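Asks: One structure, pasted below without further comment.
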Amino acid sequence: MFLSNSNINFTNRMLRIWKKAENHAQSSRVKVLQPVHLLTACLDEKTGVLGEISLKITLDKSLLKDVMEDTSIQHQTFSVFLNVQVTEEVKNVLEVAIIYMKKYNQIYVNEGHLLKALIKTNVVDYFLSDDNRKTILSLGTTSRDMITHIGNYTVPIINTHLIRKVNKKEINELVHFIGKNFSNEWSQTIREAFSLNKPPVYVAFDDNGDIIGFAAYDIYKNKKCYFGPMGVSLSNRVKGIGYSLLHHCLKDMSDIGYEYAIIGQAGPLEFYEKACNAVVIPSNKV
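Heads up, the sequence shown is in our numbering, so the first residue is 93 and it goes up one at a time.
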């Protein structure tokens with residue numbers, strides 16, 4: 093598949109979406125990957141928030157087929173990938189999705205970035221009503237609360253080296269780290285946690301003793317059974333640090349006696365799906 097030759101990282105779900113879109117294109121008479129193939133591939137995926145979206149919007153399949161079989165598209169292609177030609181619009185959508193990934197300080201392009209790029213570049217307006225666009229943006233392109241069962245929690249193999257509970261002498265260092273790498277809102281949330289006798293906050297250090305990540309629970313607006321916030325500096329991701337921080341917290345929460353943990357405003361949904369079998373809590377807003 094063409095993305096395997098790219099230096100851009102994609103989530104596994106995104107790789108499946110691209111493969112589905114590529115298959116749609118190759119099975120058509122035109123054999124050119126168009127934005128509509130990306131949209132239908134997202135709805136075909138049906139995992140994570142995509143399943144929720146596919147239940148709430150309806151596309152005119154005859155209209156989709158007409159566009160997919162429009163042979164005039166052959167004169168508008170840009171052949172840069174390995175297995176299939178793509179339109180200039182698809183190329184632009186991918187570039188915009190990557191911009192969104194970087195804007196959100198993430199390192200993998202996910203379905204949220206793709207959906208937002210499809211909507212904001214207006215390349216699928218022809219197929220979507222205003223309500224459909226609002227539904228996709230609301231359900232598929234924003235952070236979502238997730239839930240995971242920890243009633244019979246078993247601690248997986250995790251890194252315990254240089255990860256421990258924070259101590260109160262580290263408040264300024266930790267707050268500075270969070271403000272620099274994440275947000276002032278998170279900094280304030282963590283600062284308020286230090287008013288507790290034993291702040292339920294874990295920190296990860298590098299070999300030089302510098303903070304490179306943190307995770308907390310039961311501190312956001314005093315909500316119990318609530319995991320977060322959590323963050324790892326950009327240069328230290330994909331090393332298992334976030335996974336280890338998460339499970340240090342989940343173990344504590346299980347030991348307290350919580351049956352479930354709410355993961356608040358999760359951005360990289362697929363990370364939590366894999367790390368602790370979390371699922372998105374359905375929305376009733378749309």
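Note that CB positions come from ideal geometry on N, CA and C, so glycine has one too.
Computed from a predicted model, the values in this text were never measured in an experiment.
Is residue 287 buried or exposed, if buried means 16 or more other CB atoms sit within 10 Å of its CB?
Replies: Counting from one through the sequence shown, the residue named residue 287 turns up at place 195. When all chains shown are included, residue 287 counts as exposed.
Asks: What is the C-beta distance between residue 105 and residue 144, in whole angstroms, given that I count them as a contact (C-beta under 8 angstroms)?
Replies: Reading the sequence shown from its first residue, position 13 is the one you call residue 105. Reading the sequence shown from its first residue, position 52 is the one you call residue 144. Contact doesn't hold; Cβ gap of about 14 angstroms is too wide.
Asks: Would a C-beta distance cut-off of 8 angstroms place residue 124 and residue 133 closer than the cut-off?
Replies: Within the sequence shown, numbered from 1, the residue matching residue 124 stands at position 32. Within the sequence shown, numbered from 1, the residue matching residue 133 stands at position 41. No, Cβ-Cβ distance for residue 124 and residue 133 is not below 8 angstroms.
Asks: Run through DSSP, which three-state label would residue 125 get?
Replies: Walking along the sequence shown from the start, residue 125 turns up at place 33. Note: residue 125 maps to strand in three-state DSSP.
Asks: Mind checking which residues open and close the alpha helix (DSSP H) that includes residue 316?
Replies: In the sequence shown, the residue the question calls residue 316 occupies position 224. Neither: residue 316 is in no alpha helix (DSSP H) and is coded neither H nor E.
Asks: So, with DSSP's three-state summary, where would you put residue 246?
Replies: Position 154 of the sequence shown, counting from 1, holds the residue named residue 246. Correct three-state label for residue 246: coil.
Asks: Touching or not, the stretch 208–219 and the stretch 317–325, by the rule of three or more beta carbon pairs under 8 angstroms?
Replies: They do not touch, by the three-pair rule.
Asks: For residue 235, which residues from the same chain have a beta carbon less than 8 angstroms from its beta carbon, with the 5 sequence-adjacent residues on both sides left out?
Replies: Counting from one through the sequence shown, the residue named residue 235 turns up at place 143. Contacts found: 357, 358, 359.
Asks: Looking at C-alpha atoms only, which residue of 250, 302, 281, 351 is the closest neighbour of residue 322?
Replies: Within the sequence shown, the letter at position 230 stands for residue 322. Nearest of 250, 302, 281, 351 to residue 322, Cα basis: 281.
Asks: Are residue 336 and residue 245 touching if we call contact CB-CB under 8 angstroms?
Replies: The count along the sequence shown starts at 1 and reaches residue 336 at position 244. The count along the sequence shown starts at 1 and reaches residue 245 at position 153. No, these two residues do not count as a Cβ contact at 8 angstroms.
Asks: Can you give me the C-alpha to C-alpha distance between residue 171 and residue 326, rounded to a whole angstrom?
Replies: On the sequence shown, residue 171 is found 79 positions in, with the first residue counted as 1. On the sequence shown, residue 326 is found 234 positions in, with the first residue counted as 1. Residue placement at residue 171 is flagged as unreliable, the pLDDT there being 47, under the threshold of 50; the coordinate-derived value follows with that caveat. Approximately 33 angstroms, taken between the alpha carbons.
Asks: Sorted by chain position, which residues of the same chain lie with C-beta nearer than 7 angstroms to residue 274's C-beta, five sequence neighbours on each side aside?
Replies: Here residue 274 refers to the residue found at position 182 when the sequence shown is read from its first residue. Within the same chain, residue 274 has close Cβ partners 323.
Asks: Tell me which residue opens and which closes the beta strand (DSSP E) that residue 305 is part of.
Replies: Translated into the one-based positions of the sequence shown, residue 305 becomes position 213. Taken as a continuous stretch (DSSP letters only), the beta strand (DSSP E) holding residue 305 covers 303–309.
Asks: Kindly give me the distance between the Cβ atoms of residue 82 and residue 271, rounded to whole angstroms, as I take these residues to be in contact under 8 angstroms.
Replies: Because the chain here runs from 93 to 378, residue 82 falls outside it and cannot be looked at.
Asks: Counting pairs of Cβ atoms below 8 angstroms between the stretch 250–266 and the stretch 286–301, do you hit three or more?
Replies: The stretch 250–266, when compared against the stretch 286–301, does touch it at the 8 angstroms Cβ threshold.
Asks: When DSSP labels each residue in this structure, what does residue 257 get in the three-state scheme?
Replies: Numbered from 1 along the sequence shown, position 165 holds the residue referred to as residue 257. DSSP places residue 257 in strand when its eight states are reduced to three.
Asks: Put residue 353 into one of helix, strand or coil per three-state DSSP.
Replies: Taking the sequence shown and counting its residues from 1, one reaches residue 353 at position 261. Three-state result, residue 353: strand.
Asks: With H, G and I counted as helix, E and B as strand and the rest as coil, what does DSSP make of residue 111?
Replies: As a position in the sequence shown, residue 111 is number 19, starting the count at 1. Residue 111 falls in the helix class under three-state DSSP.
Asks: Apply the 10 Å Cβ neighbour rule to residue 150 and answer buried if 16 or more other Cβ atoms are within range, or exposed otherwise.
Replies: Here residue 150 is taken as the residue at index 58 of the sequence shown, counted from 1. With fewer than 16 Cβ atoms within 10 Å of its Cβ, residue 150 is classed as exposed.
Asks: Counting only the same chain and skipping the five closest in sequence on each side, list residues whose C-beta sits under 7 angstroms from that of residue 186.
Replies: Against the sequence shown, residue 186 aligns to sequence position 94. Nothing listed; no residue qualifies.
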